[in-house]
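S.K.:
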Amino acid sequence: ETGVTQSPTHLIKTRGQQVTLRCSSQSGHNTVSWYQQALGQGPQFIFQYYREEENGRGNFPPRFSGLQFPNYSSELNVNALELDDSALYLCASSLVGQDGTDTQYFGPGTRLTVL
Amino acid sequence: LAKTTQPISMDSYEGQEVNITCSHNNIATNDYITWYQQFPSQGPRFIIQGYKTKVTNEVASLFIPADRKSSTLSLPRVSLSDTAVYYCLVGYNTDKLIFGTGTRLQVFP
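Sequences listed follow chains A and B, in order.
Heads up: the first sequence begins at 1 in the working numbering, then just goes up one per residue.
Heads up: the second sequence begins at 1001 in the working numbering, then just goes up one per residue.
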């Protein structure tokens, strides 16, 4: 187990609704990244937070937003849900090592279904 | 960010050694090579990470030639539970990870 937890496990929403997904990072980690994984595809990077600030963003529209809290937990918010937003949403936490490497450890994911 | 290329799928039998090779021709000097394993509907699991030569841990070995333009993940004596998708990623520090479609490994009895 990685120590990264996500909630909820599964979620069903309808088009146009808003959703908030939550992630608790591994103890001692200060960086959280979010990924979207559609069925049969590799995870796609959404954005990363480092010490409560956004630290990079992938090719996702502004209706995908996030937060990182002082305890380094994080939220992913998606507004105006579309059918194509149905996917597994993954959270990964990391801490830069003394040698400069940054290994990301993933949570179990939240399965979002948009009807 | 370096692009990676891996086989789409591989088949093996229990007890065999499996080698999955990844090409990353434009790897940067500071980039590390990381492999993840993913089971259906679960988050990717970190397997191994290396920079050059050979790295070994309790589950796998990673071979990296001197030019670092490719790497090979070696899984000794696979079992049915090793059936999964394996991703090779190249990057450094807090770079966002770019996942490809990975290699789907199927292990047969």
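C-beta atoms are modelled at their ideal positions from N, C-alpha and C, and glycine is treated no differently.
(1) Determine the burial state of Phe47 of chain A: buried for a count of at least 16 other Cβ atoms within 10 Å of its Cβ, exposed for fewer.
(2) Please state whether the Cβ-Cβ distance between Val1085 of chain B and Gln1038 of chain B is less than 7 Å.
(3) Using 8 Å for Cβ pairs, my map puts Phe106 of chain A next to Pro1040 of chain B. What's the rounded Cβ distance?
(4) Does DSSP classify Asp102 of chain A as helix, strand or coil?
(5) Using a C-beta cutoff of 7 Å, does Pro1109 of chain B count as contacting chain A?
(6) I need the DSSP call for Asp1067 of chain B, collapsed to helix, strand or coil.
(7) From Asn71 of chain A to Lys13 of chain A, what does the alpha carbon distance come to, in whole angstroms?
(8) Kindly indicate if chain B contains any beta-carbon less than 7 Å away from that of Phe45 of chain A.
(9) Taking the alpha-carbon positions, what's the Leu83 of chain A to Lys1052 of chain B distance?
(10) Is the Cβ of Pro108 of chain A closer than 7 Å to any Cβ of chain B?
(11) Flag this pair as yes or no: are the beta carbons of Thr110 of chain A and Gln6 of chain A separated by less than 7 Å?
(12) In the DSSP assignment, the beta strand (DSSP E) including Asp1031 of chain B goes from what residue to what residue?
(13) Based on the DSSP output, what are the partners of Asn948 of chain B in its beta bridges?
(14) Could you confirm whether any beta carbon from chain A is found closer than 7 Å to the beta carbon of Phe1046 of chain B?
(15) Can you find a CB in chain A that lies within less than 7 Å of the CB of Lys1096 of chain B?
(16) Looking only at C-alpha atoms, which of A:Leu112, A:Ala80, A:Thr103 sits nearest to Thr2 of chain A?
(17) Among all the DSSP beta bridges, which residues are the ones paired with Asp1011 of chain B?
M.R.: Let me lay it out:
(1) buried
(2) yes
(3) Going by Cβ atoms, the distance from Phe106 of chain A to Pro1040 of chain B rounds to 14 Å, so no, they are not a contact pair.
(4) strand
(5) no
(6) Asp1067 of chain B: coil per DSSP, three-state reduction.
(7) 28 Å
(8) yes
(9) 43 Å
(10) yes
(11) yes
(12) Run containing Asp1031 of chain B: none; DSSP gives neither H nor E here.
(13) Because chain B here runs from 1001 to 1109, residue 948 of chain B falls outside it and cannot be looked at.
(14) yes
(15) yes
(16) A:Thr103
(17) B:Gln1106
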